[in-house]
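Novice: Next up is a structure, given as structure tokens.
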Amino acid sequence: MGSSMSDHIFTSTETVTPMAWADQALCAQVDQDLFFPEQGEPNTAAKRVCGLCPVTTECLAYALAHREPHGVWGGLSVKQREALNREIARQGAPRRGDGSPVRRRGTA
Ligand code: SF4
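Structure follows, in structure tokens:
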């Protein structure tokens, strides 16, 4: 048996600081291969598990921030995460309801 998703989370980045949310990762309780299907294989089973996971938001935020290049994270495939990251980059900084940019203190 290979490593768990939690192991992957802890070793896939330069930092090895464990994240509290990973302790609640539902994928740690199922077959890890579901989350890393071969090209052309379905990932629906993994996404179903993610849909029941209590830390989907945290997991997805982590995967987006670290641009995880493999597997299903936070219920999204690599292509879906790439598209979401492109959309986030396209939208740029957060905006108010009227469309004006939110300025942080100390910025012009
Ligand atoms: S959202 Fe999915 S990949 Fe992320 S921790 Fe939960 S079950 Fe695992």
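Heads up: the sequence shown is residues 0 to 107, going by numbering that gives the first Met the number 0.
For each residue, glycine too, the CB sits at the ideal point set by N, CA and C.
Quick caveat: nothing in here was measured; it's all calculated off a predicted structure.
Is there contact here, the stretch 81-93 with the stretch 42-55, by at least three beta-carbon pairs under 8 Å?
Specialist: No contact exists between the stretch 81-93 and the stretch 42-55.
Novice: From the DSSP secondary-structure annotation, give me the bridge partner or partners of LEU75.
Specialist: Along the sequence shown, read from residue 1 onward, the residue named residue 75 stands at position 76. Per DSSP, TRP72.
Novice: Return the CA-CA distance between VAL71 and VAL29, expressed in angstroms with no decimal places.
Specialist: What you label residue 71 is simply residue 72 of the sequence shown in a count that begins at 1. What you label residue 29 is simply residue 30 of the sequence shown in a count that begins at 1. If I take the Cα positions, the gap works out to 13 Å.
Novice: Give the range of the alpha helix (DSSP H) segment to which VAL54 is assigned.
Specialist: One-based indexing of the sequence shown puts residue 54 at position 55. It is not in any alpha helix (DSSP H) - VAL54 carries neither H nor E in the DSSP assignment.
Novice: Going by the C-beta, is ALA114 closer than 6 Å to any heavy atom of ligand 1?
Specialist: Here the chain comprises residues numbered 0 to 107, so residue 114 is not present and cannot be evaluated.
Novice: Considering Cα atoms alone, identify which of THR55, GLN38, ARG89 is closest to ASP22.
Specialist: Mapped onto the sequence shown, residue 22 falls at position 23. Among THR55, GLN38, ARG89, the Cα nearest to that of ASP22 is on THR55.
Novice: Taking only heavy atoms of ligand 1 into account, decide whether any of them is closer than 6 Å to the Cβ of THR56.
Specialist: As a working mapping, residue 56 is identified with position 57 in the sequence shown. The answer is no for THR56.
Novice: Could you check whether ALA62 and GLY73 sit closer than 7 Å to each other, using their CB atoms as the reference points?
Specialist: By one-based count along the sequence shown, residue 73 stands at place 74. By one-based count along the sequence shown, residue 62 stands at place 63. In contact: GLY73 and ALA62 (Cβ atoms closer than 7 Å).
Novice: Excluding the five sequence neighbours on either side, which residues of its own chain have a C-beta within less than 6 Å of the C-beta of GLN38, listed in chain order?
Specialist: Here residue 38 corresponds to residue number 39 of the sequence shown, with the count starting at 1. No residues qualify anywhere along the chain.
Novice: Could you compute how far the alpha carbon of ALA64 sits from the alpha carbon of SER76?
Specialist: Residue 64 sits at position 65 when you count from the first residue of the sequence shown. Residue 76 sits at position 77 when you count from the first residue of the sequence shown. Distance between the alpha carbons of ALA64 and SER76 is about 15 Å.
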